[in-house]
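For the sequence shown, our numbering assigns the number 10 to the initial residue and increments by one for each residue that follows.
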Amino acid sequence: LTIPTDLDIVPQTLEILEKWGGDALRDADGTQFPKALEKADAGELESIYQVAMWYSSGYGVKSDPLKSIEYYQKAIEKGHTDALYRLGQIYINGDLGRFDWELALPLFQKAAKAGNSYATEMLEHYEKDVKAALEGDLEGRVHYAEYLINEIRSYSEAYQKPEFAYALGFLESAQQEGSGRASYLLAELYGGDYADRFFEKEDNAKERYVELLKEAVERGDASAKVALGNYYMSDESLSASERETLLETLYLEALEEDKEAFESLMKLYGGKIEGVPANFEKAKALLFKECGAENKDACYYLADAYKNGAYGMAKNWRKAAGVFTGIEDDDAVYAYLAGLYLQGDETLPQNFELAATYYEKGLHLLEAKEAAMTSENTLWFGVDSAELFAYRAARNFSE
Numbered sequence: 010l011t012i013p014t015d016l017d018i019v020p021q022t023l024e025i026l027e028k029w030g031g032d033a034l035r036d037a038d039g040t041q042f043p044k045a046l047e048k049a050d051a052g053e054l055e056s057i058y059q060v061a062m063w064y065s066s067g068y069g070v071k072s073d074p075l076k077s078i079e080y081y082q083k084a085i086e087k088g089h090t091d092a093l094y095r096l097g098q099i100y101i102n103g104d105l106g107r108f109d110w111e112l113a114l115p116l117f118q119k120a121a122k123a124g125n126s127y128a129t130e131m132l133e134h135y136e137k138d139v140k141a142a143l144e145g146d147l148e149g150r151v152h153y154a155e156y157l158i159n160e161i162r163s164y165s166e167a168y169q170k171p172e173f174a175y176a177l178g179f180l181e182s183a184q185q186e187g188s189g190r191a192s193y194l195l196a197e198l199y200g201g202d203y204a205d206r207f208f209e210k211e212d213n214a215k216e217r218y219v220e221l222l223k224e225a226v227e228r229g230d231a232s233a234k235v236a237l238g239n240y241y242m243s244d245e246s247l248s249a250s251e252r253e254t255l256l257e258t259l260y261l262e263a264l265e266e267d268k269e270a271f272e273s274l275m276k277l278y279g280g281k282i283e284g285v286p287a288n289f290e291k292a293k294a295l296l297f298k299e300c301g302a303e304n305k306d307a308c309y310y311l312a313d314a315y316k317n318g319a320y321g322m323a324k325n326w327r328k329a330a331g332v333f334t335g336i337e338d339d340d341a342v343y344a345y346l347a348g349l350y351l352q353g354d355e356t357l358p359q360n361f362e363l364a365a366t367y368y369e370k371g372l373h374l375l376e377a378k379e380a381a382m383t384s385e386n387t388l389w390f391g392v393d394s395a396e397l398f399a400y401r402a403a404r405n406f407s408e
């Protein structure tokens, strides 16, 4: 890939950041902030707003939320409606050491009324995720805490984020009031996939993890049943038969509420757990039951079983294709069916025309999703260009 030497991407990058509502324009050479500050102090509205963004994000100058508030307020006084939204964000993003929705809500309401779509989204988020928690509702507190944790779990030191302390307060109070979901979420902080991001060092983390999982199971949380089963999967203190019985009990109890229970049961019945023999009859019964109940994951398992001759089933691609009868309106299903007809076997003759039709249908669904998200000016990563390209290439090849 050759990039023209005369291409200056900085202005383009700044333009993109501004278009997509970036936290601030990046001060690429360290000279832009002083110039903007001078103009802002002279009363130029856009410079006031820009300086406020810089103080908020720390681009070009040390982050200073109080200074940012000062300049956003100046911008608001001069009629800058987007500053209403930005100021509201400061009150609820933890930069001030608190999450003050009481101050933020009126700002979001005014900004939304002036046409700011981001403010409208924040009001919807408040109604959906926040309001019940602030009103003291038990499930509302757990829901909001889970939302906050999911927002910061990608950070390597999430425990340092103000959202963590805020979420932890909600979870601990809900756990003390008997919430199984709160117990499970607390357990995940000690021993889940991202546990090292939430506590700097905990000597008894493993013990605390199991203790909280057991508490959550006693309170009926399905996710905790799956997690506890997965923990016992490698517990050498139990005999193989004891593990098999315990795991099956936990996974079956969780099956209706937690989709991961299905995956764990298939691992159990498929002989993928050391020391526990496979049980193909139970595996097949589970596949037929769950696929019949429109569990799409189970249908893929069943189709693959027919395709590859797994779980003691005879290879039969015609039956693999038949699994998806009535549930075809899905781009991944179309891709699966296209692949079957593109290759074919003795039970399902090759059919390039039908393969191309399925690829076209899958591509149409993907492009429709992409167009819908683009029309909302939303960056969406559910369908990337590589996936679209693969569909187009496969369709063209089959043609």
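Yeah, the Cβ is synthetic: ideal placement off N, Cα and C, and Gly gets one too.
Under 8 Å between C-beta atoms of residue i and residue j
i	j	result
residue 69	residue 108	no
residue 152	residue 167	no
residue 357	residue 326	yes
residue 295	residue 278	yes
residue 56	residue 64	no
residue 310	residue 343	no
residue 221	residue 188	no
residue 333	residue 306	no
residue 120	residue 94	yes
Residue i, buried or exposed, once every other Cβ within 10 Å from all chains shown has been counted against 16
i	result
residue 387	Residue confidence is low: residue 387 scores 41 on pLDDT, short of 50, so the model does not pin down where it sits. No coordinate-derived value is stated.
residue 336	exposed
residue 230	buried
residue 283	exposed
residue 297	exposed
residue 190	buried
residue 224	buried
residue 172	buried
residue 75	exposed
residue 409	Residue 409 is absent from the model: the chain starts at 10 and stops at 408.
residue 244	exposed
residue 232	buried
residue 117	buried
residue 248	exposed
residue 170	buried
residue 267	buried
Whole-angstrom distance between residue j and residue i, CA atom to CA atom
i	j	result
residue 199	residue 138	24 Å
residue 329	residue 103	52 Å
residue 184	residue 100	27 Å
residue 384	residue 125	Any answer about residue 384 is weak, because its pLDDT of 48 lies below 50 and its placement is not dependable; what the coordinates show is given next. Computed Cα separation, rounded: 16 Å.
residue 234	residue 293	23 Å
residue 361	residue 91	54 Å
residue 390	residue 246	Confidence in residue 390 is poor, its pLDDT being 41 and thus under 50, which makes the residue's placement too unreliable to answer from.
residue 33	residue 285	Legend: pLDDT at residue 33 = 43, less than 50; position of this residue unreliable, no value from coordinates given.
residue 194	residue 50	48 Å
residue 127	residue 317	48 Å
residue 16	residue 58	Only weak support is given to the placement of residue 16: the predicted model assigns it a pLDDT of 46, under 50, and the question is left unresolved by the model.
residue 275	residue 251	18 Å
residue 373	residue 341	12 Å
residue 375	residue 301	26 Å
residue 351	residue 182	56 Å
residue 256	residue 323	28 Å
residue 287	residue 281	8 Å
Best match in the options for proximity to residue i [C-alpha to C-alpha]
i	options	result
residue 192	203, 180, 201, 202	180
residue 197	188, 187, 185, 215	215
residue 72	52, 61, 82	61
residue 203	241, 300, 158	158
residue 349	376, 373, 375, 315	315
residue 338	177, 323, 377	377
residue 175	264, 207, 186	207
residue 161	321, 149, 177	177
residue 66	299, 256, 98	98
Any C-beta of chain C under 8 Å from that of residue i
i	result
residue 134	Within the model displayed, chain C is absent; a lone protein chain is all it includes.
Alpha helix (DSSP H) segments (min. 4 residues) lying fully within the stretch 64 to 131:
74 to 86, 90 to 101, 110 to 122
Sequence ranges, beta strand (DSSP E) only - wholly within the stretch 333 to 371, length at least 3
Counting only runs of 3+ residues, no beta strand (DSSP E) is found wholly inside the stretch 333 to 371.
Whole alpha helix (DSSP H) runs in the stretch 229 to 265 with 4 or more residues, listed along the chain?
231 to 241, 249 to 263
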